[in-house]
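The next block holds one structure in the form of structure tokens; read it before the comments.
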Amino acid sequence: MMNRKILIVFFLGWAHISPAQSLTDVQSADEPLMLQSVGSFYLGGEKQSQSISELGGFSSKGQVTINQMYVNYMVPYRRTDSISFVLIHGMNLSGKTWETTPDGRMGWSEYFVRKGYPVYWVDQVGAGRSGFNQKHYNLVREEQVAAKNQPAFQRISDENTWINFRFGLEDQQPVQEAKYPIGAVDEFSKQSVPFALFGLPDPNPNYLNLAELAAELQQTVLVSHSQSGRFPIEAALLNPEGVKAMVLLEPGGSGDDYSDQQVSALATIPLLVVFGDNLENETGIAGHSWKTYYDAWGRFVQRLDAAGGKAQLLYLPDLGIRGNSHMLMQDTNNQQIADIILDWIKDNK
């Protein structure tokens with residue numbers, strides 16, 4: 000009897016722990032994935048001399064590399080054409096965004112390869128395996144810098160993600176016709192990583208790293224998401240060589256601050272901006288509105304069109320597609336969205 004009571008208490012306590020995803024939850028395609036090559040590398044970075052305190056007290060003073068960008072890649076055995084894709088995640092996320100979905104389905108990093116395109120997916124500088132510059136935090140620990148001057152090390156709560164990413168509503172109900180796999184939201188929570196965005200130098204080293212990668216690859220489609228929305232634009236302004244097209248998935252902010260001269264330079268590169276619906280839903284963050292961002296990027300598309308460019312703002316409900324979340328690449332219709340992007344590229348390359 001005592002053992003039974005212990006077991007009951009144990010499982011009741013376990014209910015508060017995120018359920019583990021097992022290998023059997025991950026779905027495999029029927030056809031083998033045929034690759035020419037697969038691997039990873041780092042882009043950019045610069046040496047910086049740091050003191051013992053800045054290094055955390057373990058190592059002697061010396062040089063370390065900062066502001067590097069980690070890149071995964073897969074190149075298919077048979078290519079469709081010369082185009083490559085570079086996938087850039089958003090805030091508090093990593094390159095995992097593009098891999099196996101939280102409910103175990105194929106992610107875009109594999110799907111585009113199966114369609115015959117090399118795919119390169121990055122961890123932003125300050126996130127994931129790109130790392131961050133730890134000296135900002137160690138100097139506060141040593142009281143050499145005031146705590147109020149320490150850059151924020153940011154994360155987003157699960158409760159805010161639920162409404163901000165438009166998985167569901169404030170009453171905890173999913174949005175109508177929800178495309179996000181609601182049963183996997185706890186798995187998605189594990190993808191959230193501490194983000195050192197606010198400790199990066201200006202200009203943002205991500206821009207230069209992406210411009211360098213596009214120039215090396217040539218015929219590159221830069222695909223951004225959310226906070227990284229303007230990254231393809233900034234990279235193309237640094238060096239348009241190799242940037243074949245730009246795809247912005249639900250970008251934050253706006254393009255209102257770009258000059259007419261910059262817009263004219265960008266007009267030579269096709270641009271697609273994609274948004275789902277429920278944009279007027281409450282986000283839970285003051286001053287943060289997906290509808291405002293949608294309108295702002297609509298103005299930018301109009302400016303590019305007026306400058307002679309090929310630009311389109313795609314609102315998925317106009318195609319009869321409803322219920323998509325902010326995480327379009329992980330929604331249950333993610334392959335449908337990917338095919339729309341591929342068709343657009345074929346029509347505009």
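Residue 89 in numbering that gives the first Met the number 0 sits at position 90 of the sequence shown; the count goes up by one each step and never skips.
Glycine included, C-beta positions come from ideal geometry on N, C-alpha and C.
Given the structure is predicted, the values throughout are model-derived calculations rather than measurements.
Item to complete: Counting only runs of 3+ residues fully inside the region 48 to 95, write out the beta strand (DSSP E) ranges in chain order.
Response: The DSSP assignment places 61 to 75 and 83 to 86 as complete runs of the beta strand (DSSP E) inside the region 48 to 95, in order along the chain (cut-off: 3 residues).
Item to complete: Give the secondary structure of Thr100 by DSSP, where H, G and I count as helix, E and B as strand, and everything else as coil.
Response: coil
Item to complete: Drop a sphere of 10 angstroms on the beta-carbon of Ile284, count the other beta-carbons inside from all chains shown, and report buried for 16 or more, exposed for fewer.
Response: exposed
Worksheet entry | CA-to-CA distance, Gln133 to Lys290, given in whole angstroms | 36 Å
Worksheet entry | Extent of the continuous alpha helix (DSSP H) to which Leu271 belongs | Here Leu271 belongs to no alpha helix (DSSP H); instead the beta strand (DSSP E) covers Leu270 to Phe274.
Item to complete: Put Ala183 into one of helix, strand or coil per three-state DSSP.
Response: helix
Worksheet item: Would you call the region 238 to 254 and the region 321 to 332 in contact, with 3 or more CB pairs under 8 Å?
Response: yes
Item to complete: Determine the burial state of Ala235: buried for a count of at least 16 other Cβ atoms within 10 Å of its Cβ, exposed for fewer.
Response: buried
Worksheet item: Which of helix, strand or coil does DSSP assign to His135?
Response: helix
Practice prompt. Please list, in chain order, all residues of the same chain as Pro316 whose beta carbon is under 6 Å from its beta carbon, the five residues on each side excluded.
Written response: Asp276
Discussion item. Suppose contacts are defined by Cβ-Cβ distances below 7 Å. Is Asn208 in contact with Leu42 by that definition?
Written reply: Contact flag set, yes.
Discussion item. Tell me which residues share the same chain as Asn332 and place their Cβ nearer than 6 Å to its Cβ, disregarding the 5 neighbours each side in the sequence.
Written reply: Here the set comprises Lys178.
Practice prompt. State yes or no: is the C-beta of Gln427 within less than 7 Å of the C-beta of Gly89?
Written response: Residue 427 is absent from the model: the chain starts at 0 and stops at 348.
Discussion item. One question on the structure: do Ile344 and Ala244 come within less than 7 Å of each other, judged by their Cβ atoms?
Written reply: yes
Fill in: Neighbour flag for Ser108 against chain E, beta carbons, 7 Å
In the displayed structure, chain E is absent; only one protein chain is listed.
Practice prompt. Would you please state the rounded distance, in angstroms, between the beta carbons of Leu221 and Ile87? I believe it to be under 8 Å.
Written response: Going by Cβ atoms, the distance from Leu221 to Ile87 rounds to 7 Å, so yes, they are a contact pair.
Practice prompt. Compute the beta-carbon to beta-carbon distance between Gly241 and Ala213, rounded to the nearest angstrom, for a pair I have assumed lies under 8 Å.
Written response: 4 Å
Discussion item. Can you tell me whether Leu315 is helix, strand or coil according to DSSP?
Written reply: helix
Practice prompt. Grab the span of the beta strand (DSSP E) containing Leu247 for me, first residue to last.
Written response: Val242 to Leu248
Fill in: Beta-carbon proximity list for Tyr119, same chain, < 6 Å, skipping 5 on both sides
Val70, Tyr72 and Val85
Discussion item. For Asp122, report the span of its beta strand (DSSP E) as first-last.
Written reply: Val118 to Asp122
Discussion item. Considering just the uninterrupted stretch of the alpha helix (DSSP H) at Thr160, what are its terminal residues?
Written reply: Asp157 to Asn163
Item to complete: Please report how far the alpha carbon of Ser59 lies from the alpha carbon of Asn137, in whole angstroms.
Response: 14 Å
Worksheet item: At which residues does the beta strand (DSSP E) containing Leu221 begin and terminate?
Response: Thr219 to His224
Practice prompt. Would you check if there are 3 or more beta carbon pairs closer than 8 Å linking the region 190 to 206 to the region 152 to 164?
Written response: yes
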